[in-house]
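*Asks:* Before we start, here is the structure in question, set down as structure tokens.
2 protein chains.
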Amino acid sequence: MNTSEPAAKSITKSIAKGGIREENERHILDCAERIFAERGFGGATMQVIADEAALPKANLHYYFSSKETLYRRVVERIFTIWLEAAASFETSATPETALRRYIARKMEMSRTHRYGSKVWANEVMQGAPIIQDYLEVTLRDWTDTRIALIDRWSAAGRIAPVNARWLLYMIWATTQHYADFAHQIETLNEGRALSDAQWRDATETVIGIILRGVGLDPGPGPDAGDAP
Amino acid sequence: MNTSEPAAKSITKSIAKGGIREENERHILDCAERIFAERGFGGATMQVIADEAALPKANLHYYFSSKETLYRRVVERIFTIWLEAAASFETSATPETALRRYIARKMEMSRTHRYGSKVWANEVMQGAPIIQDYLEVTLRDWTDTRIALIDRWSAAGRIAPVNARWLLYMIWATTQHYADFAHQIETLNEGRALSDAQWRDATETVIGIILRGVGLDPGPGPDAGDAP
DNA sequence: GTCTATAGATTGATAGAC
DNA sequence: GTCTATCAATCTATAGAC
């Protein structure tokens, strides 16, 4: 061994929960996500991200070798979160339960992960230079299995005959709109963020229109329904 | 008069239809719209726009004094087109006709003005630094009158009771998704643009889900309905 | 690990020949 | 009106002191 290999200590640090490296990387990723979300890859600068993180610009390059590496890590983290939400579309549930849970989860995601949704939107609008392989493999597989499921529902008469692909796009578009166009929505809400009640109401409205739109009875909604 | 004022000739040129200035400005605006659409304001560069237009960079500054001026002209042109589409939501029509026409028009716009829609999306995602006044005045007024109209429909029992604001957002989101996320949609369509038949089918599906979703009967659709 | 200083490339914008 | 050459500012990325 020689003096140029303090590897053991560094690795231990980076693996340990709450280690300096892990904590700083997460902080930088959080800040970078906000900046990339609002300016896109080309519009964001390392200087602005560094300012957001309250760090010297050189520290970003210490943790992430390049701007593209940092961006890639941000996008990959978002895709992981997207996968978790996608899992809430359970293939074993009834049509009503599966659609209701999935829409509610996606609306919740738009509220809690606004910036992640915007980064995804920016990336797709730019032609998905980084995530094209995710679109072609993971997203396509997920979409195909859900379309097959919805088609079986239609064939069995459990929902009205409806093109499953356009239905899925409608759910994606509507739910993600509340994240991607949050600024417009807040401007039209007298400049204020949507309240808890408004989020619940919007979610129930979206669920109601979609369920009735595919021939299902949305019922009285969770609030009224839970009371004895 | 002195030699520094060839104003008469220049103005005549710039006003005449097909004048060099008018033609070049339109060409540059078209190219700039595509670049701003995919990279946003900060991500786009005058060099890339010049390459897209097959012109030296200096020519852009001859016609538009700054990058921001060029961007502002692009955004203002898009807003004008948006206003025309917004007018297709006629306040005098029946609920079914008004919704059907408006959705169809918005879907058509997403197909024919993909880049304009993306510029708008980028601008809103960045917090609308340029168009904030449009959002606060023109868009708000338009939205308020349509919400009032839809509320009257609900009160009169002509449609199911539904929150008009979330319904409008749903229509905006769904139709604009076909422009803003065109790359993702085409990737999931085996890398090909949607065909005429697919656009018709998607439009009818969206109209069908929305109309049923607000308690209306969408009927057999235009194709089947027109045949004797 | 953190930070200042700076290299080398690219940016928006302009000067001036044609 | 068009184009080449260029400026000052800013960008990503790195070197090297601490």
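These protein sequence lines are chains A and B, in that order.
Counting in our numbering, the final residue of the first sequence is number 941, and the numbers go up one at a time with none missing.
Counting in our numbering, the final residue of the second sequence is number 941, and the numbers go up one at a time with none missing.
Even for Gly, the Cβ is constructed at its ideal location relative to N, Cα and C.
Values in this document were obtained by computation on a predicted structure and should not be read as measured data.
#1: If I791 (chain A) sits next to I884 (chain A), beta carbons under 8 Å apart, how far is it from one beta carbon to the other, in whole angstroms?
#2: What does D955 (chain B) reach in chain A if we use C-beta pairs closer than 9 Å?
#3: Starting from H826 (chain A) and walking both ways along the alpha helix (DSSP H), at which residues does that stretch end?
#4: Considering only the alpha carbon of each residue, which of A:G753, A:M759, A:G928 lies closest to M838 (chain B)?
#5: Around the Cβ of I733 (chain B), are there at least 16 other Cβ atoms within 10 angstroms (buried) or fewer (exposed)?
#6: So with Cβ pairs under 8 Å, would you call E849 (chain B) a contact of chain A?
#7: To be precise: take each residue of the region 781-815 of chain B, compare its Cβ to all Cβ atoms of chain A, and keep it if any distance is under 9 Å. Which residues remain?
#8: Measuring alpha carbon to alpha carbon, tell me which residue in A:E765, A:A745, A:G926, A:T858 is nearest F802 (chain A).
#9: Tell me the DSSP secondary structure of N876 (chain B) in three-state form.
#10: Any contact of the region 905-917 of chain B with the region 891-907 of chain A, i.e. 3+ C-beta pairs under 8 Å?
#11: Using 8 Å for Cβ pairs, my map puts E836 (chain B) next to V761 (chain B). What's the rounded Cβ distance?
#12: Nearest CA to the CA of A798 (chain A): which residue from A:L783, A:R814, A:R785, A:P808?
#13: On the DSSP letters alone, give me the boundaries of the alpha helix (DSSP H) that G732 (chain B) sits inside.
#14: Got a sec? Which residues, its chain only, sit under 7 Å from M759 (chain A) by beta carbon, not counting five neighbours each side?
#15: Give me the chain B residues within the contact set of N668 (chain A), using Cβ-Cβ distance strictly less than 8 Å, ordered along the chain.
#16: So with CB distances below 9 Å, who are the chain B contacts of R827 (chain A)?
#17: Listing by chain order, which chain A residues have their CB less than 7 Å from the CB of K831 (chain B)?
#18: Tell me the rounded alpha-carbon separation between W866 (chain B) and T918 (chain A).
#19: Just to make sure I have the definition right: I need the residues of chain B whose C-beta is within less than 8 Å of the C-beta of D914 (chain A). Which are they?
#20: Given that H890 (chain A) touches chain B, what residues does it touch there, using C-beta distances under 9 Å?
#21: What is the DSSP secondary structure of E836 (chain B), reduced to helix, strand or coil?
#22: Around the Cβ of E757 (chain B), are there at least 16 other Cβ atoms within 10 angstroms (buried) or fewer (exposed)?
#23: Let me see if you follow: with CB-CB separation under 8 Å, is L773 (chain B) close to chain A or not?
#24: Helix, strand or coil: how does DSSP classify F894 (chain B) here?
#25: Does the beta carbon of G753 (chain A) come closer than 8 Å to any beta carbon on chain B?
#26: When burial is assigned at 16 or more other CB atoms within 10 Å of the CB, is G755 (chain B) buried or exposed?
#27: On a Cα-Cα basis, can you pick out the residue from A:R905, A:A841, A:R871, A:A906 that is closest to A806 (chain A)?
#28: Using a 10 Å radius around the Cβ and a threshold of 16 neighbouring Cβ atoms, would you call G938 (chain A) buried or exposed?
#29: Going along the chain, which residues of the region 924-935 of chain B sit with their C-beta nearer than 9 Å to a C-beta in chain A?
*Replies:* Let me lay it out:
#1: Contact annotation, I791 (chain A) with I884 (chain A): C-beta distance approximately 18 Å; criterion of less than 8 Å not satisfied.
#2: Nothing in the structure corresponds to residue 955 (chain B), since chain B is present only between 714 and 941.
#3: First-last for H826 (chain A): undefined, no H or E at that position.
#4: It is A:G753.
#5: Exposed, by the Cβ-count rule.
#6: Yes - at least one Cβ of chain A is within 8 Å of the one on E849 (chain B).
#7: Residues of the region 781-815 of chain B whose Cβ lies closer than 9 Å to any Cβ of chain A: none.
#8: Each of A:E765, A:A745, A:G926, A:T858 was checked against the Cα of F802 (chain A), and the nearest Cα belongs to A:T858.
#9: In the structure shown, N876 (chain B) sits in coil (DSSP, three-state: anything other than H, G, I, E or B).
#10: No: the two stretches stay apart, fewer than three of their Cβ pairs being nearer than 8 Å.
#11: That pair is no contact at about 18 Å.
#12: Measuring C-alpha to C-alpha distances from A798 (chain A) to each of A:L783, A:R814, A:R785, A:P808 identifies A:R814 as the nearest.
#13: Per DSSP, G732 (chain B) lies in no alpha helix (DSSP H) segment and is marked neither H nor E.
#14: Cβ neighbours of M759 (chain A) beyond the five flanking positions: K770, L773, K780.
#15: Outside the displayed span of chain A (714 to 941) sits residue 668 (chain A), for which this structure offers no information.
#16: Those do not exist, as R827 (chain A) stays about 10 Å from chain B at its closest Cβ, beyond 9 Å.
#17: For K831 (chain B), the residues of chain A that pass the 7 Å Cβ criterion are M838, in the order they occur in the chain.
#18: C-alpha separation (whole angstroms): 16 Å.
#19: Within 8 Å Cβ-Cβ: N876, W879.
#20: Annotation: Cβ neighbours of H890 (chain A) in chain B (cutoff 9 Å, chain order): Y882, M883, W885, A886, T887, Q889, H890.
#21: In this structure, E836 (chain B) counts as helix in the three-state DSSP scheme.
#22: Rather than Glu, the amino acid found at residue 757 (chain B) in this sequence is Ala. Around the beta carbon of A757 (chain B), 16 or more other beta carbons sit within 10 angstroms, so the residue counts as buried.
#23: False, the Cβ-Cβ gap to chain A never drops below 8 Å.
#24: Shown here, F894 (chain B) sits in coil according to DSSP, grouped into three states, outside any helix or strand.
#25: Chain B contact via Cβ: present.
#26: By the beta-carbon neighbour count (other beta carbons within 10 angstroms, threshold 16), G755 (chain B) is buried.
#27: Taking only the C-alpha atoms, the option nearest A806 (chain A) is A:R871.
#28: Caution is warranted here: a pLDDT of 39 is assigned to G938 (chain A), below 50, making its placement in the model unreliable, and the coordinate value is therefore given only provisionally. By the 16-neighbour rule on beta-carbons within 10 angstroms, G938 (chain A) is exposed.
#29: Cβ contacts with chain A: L924, R925, G926, V927, G928.
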